[in-house]
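First residue of the sequence shown? That's -14 in our numbering, and the numbers climb one at a time after it.
Positions of the beta carbon are idealized from the N, C-alpha and C atoms, including for glycine.
In what follows, a single structure is set out as structure tokens and then discussed.
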Amino acid sequence: MKFITVNSYEELSKKAADIIAAQVILKPNCVLGLATGSSPVGTYKNLIKKVENGEISFKDVTSVNLDEYVGLSGSHDQSYRYFMNDNLFDHVDIDKAKTHVPNGCAADLVKEGEEYDNLVKALGGIDLQLLGIGLDGHIGFNEPDDCFTGPTHPVTLDPSTIEANARFFASKDDVPKSAITMGMMSIMQAKRILLVANGKAKLDILKKSMEGPITPEVPASILQLHPDVTVIYSEN
Ligand code: GLP
-14 MKFITVNSYE ELSKKAADII AAQVILKPNC VLGLATGSSP VGTYKNLIKK VENGEISFKD
46 VTSVNLDEYV GLSGSHDQSY RYFMNDNLFD HVDIDKAKTH VPNGCAADLV KEGEEYDNLV
106 KALGGIDLQL LGIGLDGHIG FNEPDDCFTG PTHPVTLDPS TIEANARFFA SKDDVPKSAI
166 TMGMMSIMQA KRILLVANGK AKLDILKKSM EGPITPEVPA SILQLHPDVT VIYSEN
């Protein structure tokens, strides 16, 4: 695992965007695994700039997102589909038909998970997976648990995650209690992983994830088993 510490969120966002841009330049038809949350917003802003100045094109890129809230349709402004359109897809030359987010409104979420994994498989897997990390060590919405879960699956959100994400909703009660998330299989099978984290509050869980025991109680600790992980951290 490569750990890069930078001095500001701006620097983190620039570095992360440079790595993603390099991936797109080297393989224009790559599959990018994308993430939501506040951490990657600056990365997406930098990627938009790179498209605007002609440095890269998303024309042939396919994207697969990590997760989605259960019950929120793509038109809900807190759904992750909406987030992705708003923060990236609407501003770059990506073909929207090639952008994928799990459907949190599917009648059968287990089946939706199976279909999502089949899609990732059919695409040939993920070339570069971007991740954030939750304060409890979750990646995607893989919450601390008794065992690691492989496939894309529905999850009940931890009270601490609901608390952390309440800042985006009118009230804590509005935060969905469940989600559908890519499991560890597609994440760990990604050829390369890039994790971005900022703020002092994340340092402790980052250390536990990178140096502590590999345990489903700290979901991100599984990344120690991946051969190509880069973590970019900024205290600010
Ligand atoms: C959310 C997302 C994760 C994200 C995490 C951290 O719950 N499901 O994919 O990494 O929380 O979010 P933030 O970057 O806002 O701290």
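Proximity of the beta carbon of A1 to the ligand GLP is not indicated: no heavy atom of the ligand is located closer than 7 angstroms. DSSP places P129 in the coil class of the three-state scheme, outside both helix and strand. A direct Cα-Cα distance of roughly 15 angstroms separates I4 from G117. Per DSSP, reduced to three states, the secondary structure at A164 is strand. In the same chain as Q209, and ignoring 5 residues on each side of it, the C-beta atoms closer than 6 angstroms to its own belong to I199, in chain order. Ranked by Cα distance from L179, the options Y218, V36, E53, S(-7) are led by Y218. Listed in chain order, the non-local C-beta contacts of K30 below 7 angstroms within the same chain comprise S(-2), local neighbours out to five positions each way being set aside.
P87 sits close to E53, with the two beta carbons spaced by under 8 angstroms.
Less than 8 angstroms separates the beta-carbon of D121 from that of T146.
By the 16-neighbour rule on beta-carbons within 10 angstroms, G56 is exposed. Following the DSSP letters along the chain, one finds T146 inside the alpha helix (DSSP H) bounded by residues 144 to 150. Annotation for L32: the continuous alpha helix (DSSP H) segment containing it runs 26 to 37. Annotation: the continuous alpha helix (DSSP H) that includes D3 extends over -6 to 11. If you draw a straight line from the Cα of S206 to the Cα of V(-9), it is about 22 angstroms long. Taking the CA atoms as reference points, V9 sits about 7 angstroms from F43.
By the C-beta density criterion, L11 is exposed, having fewer than 16 other C-beta atoms within 10 angstroms.
In the DSSP assignment, G98 falls within the unbroken alpha helix (DSSP H) covering 94 to 107. Counting the other Cβ atoms within 10 Å of the Cβ of K185 gives fewer than 16, which makes it exposed.
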